[in-house]
Amino acid sequence: MKLAAVVACCALLAACGYVDRVTKQPVTKVLLVGDSMMWGAAPEIMDEFQSRGLEARYIGLAATGPLWNNKLWATWTQQAINEFDPDLVILEGCCVYPGPATAAYGGGQLYTNGAGQTAQPDSELMFTEWEQAARELVTIARSGGASVWWANVPRGLEPARYYGALFPERINRLRQMYKTIGVPVVDWDTAIYSQPSPMSYRAGDGVHPNAAGYDLIGRYTFETTVEPAPEPTG
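Right, here's the structure in full:
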């Protein structure tokens, strides 16, 4: 059905609008998934897509991550794939584990895998399970035929230790891991650190961008992930 709709669109409009830069598949609906980093960037990213006639949605929650609350992100993402049927999914997962110790956030519970092993923060098991969870999210995102990207957050800086003693190291190790999970990366670090004054785009916490950074990331994400569809021939 999706292919038939795309063909009809092309026949009527003599153009399909935008396509994914890697897969070249037409893009009409975009799903964003992530934590506070994506939440902060989502208004700017969605505006870039929506201003060009594309639909865009965000799902996720600040201060959570792929392992949070027994991989609840996977459930949310599958529901969004079923209900929204996106053509493009952009995933992001900065660094939060296990999450705040409040009832609304699952009580800060640690993740326990199928073998009964509990992943302690910053343990090798945590990184192993985090990678597995990220790969599962990619599989879910692809299940409806969507093109999938991973948004890699800016590098962790010293002030990030406010959130945890090893927070910068965790962020930077995850940044490297995301480059190995089999999807193209939209690197928000490149967007910021290719600027003449990169720190003018960072918030003081050593993790997040500031308003100017999010605006930059919105444009960069759009320009990195999609391109105008080629003119029809014949």
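In my numbering, the protein residues as written are 23 to 256. All C-beta atoms, glycine included, are put in the ideal place defined by N, C-alpha and C. Computed from a predicted structure; not experimentally measured.
Please name the residue in the options whose C-alpha comes closest to that of residue i.
i	options	result
Thr15	Lys201, Arg164, Thr202, Val175	Any question about residue 15 goes unanswered here, given that the chain covers just 23 to 256.
Val208	Gln47, Ile67, Trp98, Arg192	Ile67
His230	Thr86, Met59, Lys51, Tyr40	Met59
Gly138	Ala123, Asn92, Leu113	Asn92
Ala187	Cys117, Pro88, Leu76	Cys117
Tyr242	Ile103, Arg192, Ser216	Ser216
Gly204	Asp237, Trp152, Arg157	Arg157
Val111	Ala168, Ser145, Thr97	Ala168
Trp171	Thr202, Ala234, Ala125, Pro250	Thr202
Pro143	Ile193, Asn174, Thr161, Tyr236	Ile193
Tyr80	Pro181, Lys51, Gly129	Lys51
Glu151	Gly178, Pro120, Pro181, Ile162	Pro120
Pro206	Arg183, Thr247, Thr140, Leu179	Thr247
Ser122	Tyr185, Arg43, Thr255, Asp237	Looking at the sequence shown, residue 122 is not Ser but Pro. The candidate whose alpha carbon is nearest that of Pro122 is Tyr185.
Asn174	Leu113, Ala84, Arg43	Leu113
Thr161	Thr97, Asn135, Ser145	Thr97
Please go through the same chain and pick out, in chain order, the residues whose beta-carbon is closer than 6 Å to the beta-carbon of residue i, but skip the five residues on each side of it.
i	result
Pro176	Trp210, Asp211, Ile214
Ala78	Val52, Met68, Phe71, Gln72
Phe244	Glu70
Arg183	Phe189
For residue i, which residues of its own chain have a beta-carbon under 8 Å away from its beta-carbon, when the five flanking residues on both sides are left out?
i	result
Phe149	Arg195, Leu196, Met199
Gly166	Ile103, Asn104, Asp107, Pro108
Gly124	Just to set this straight, residue 124 is Thr in the shown sequence, not Gly. Around Thr124: Gly130.
Ala234	Ser222, Tyr223
Asp237	Glu66
Could you give the C-beta distance for residue i and residue j, rounded to a whole number, given that I count them as a contact under 8 Å?
i	j	result
Pro190	Gly228	7 Å
Gly115	Gly56	6 Å
Tyr127	Thr86	7 Å
Leu89	Tyr133	4 Å
Leu53	Trp95	Their Cβ separation, rounded to whole angstroms, is 12 Å, which puts Leu53 and Trp95 out of contact at 8 Å.
Pro8	Tyr40	Outside the modelled stretch of the chain, which goes from 23 to 256, sits residue 8, for which no answer is possible.
Leu147	Ala155	Rounded, the Cβ-Cβ distance is 12 Å, inconsistent with contact.
Tell me the DSSP secondary structure of residue i in three-state form.
i	result
Val160	helix
Lys51	strand
Asp209	strand
Tyr215	helix
Tyr223	helix
Ser58	helix
Against chain C, does residue i count as a neighbour if the rule is that its beta carbon must be under 8 Å from one of theirs?
i	result
Gly121	Looking for chain C here will not work: only one protein chain is present.
In chain order, what residues of the same chain have a beta carbon less than 7 Å from the beta carbon of residue i, not counting five sequence neighbours either side?
i	result
Asn232	Tyr223, Arg224, Ala225
Gly240	Ala63, Glu66, Ile67, Asp69, Glu70
Asp42	Val49, Leu110, Ser169, Thr247, Val248
Gln47	Val41, Asp109, Ser169
Glu180	Pro190, Gly228
Subject >> Uninterrupted alpha helix (DSSP H) stretches inside the stretch 229-253 (no shorter than 4 residues) >> reply: 233-247
**OP:** Could you name each continuous alpha helix (DSSP H) segment of 4 residues or more that falls completely within the stretch 82-115, going from the start of the chain to the end?
**Re:** 90-106
Original post:
Can you give, in chain order, each stretch of the alpha helix (DSSP H) that sits fully within the stretch 117-179 and has at least 4 residues?
Top reply: 146-164
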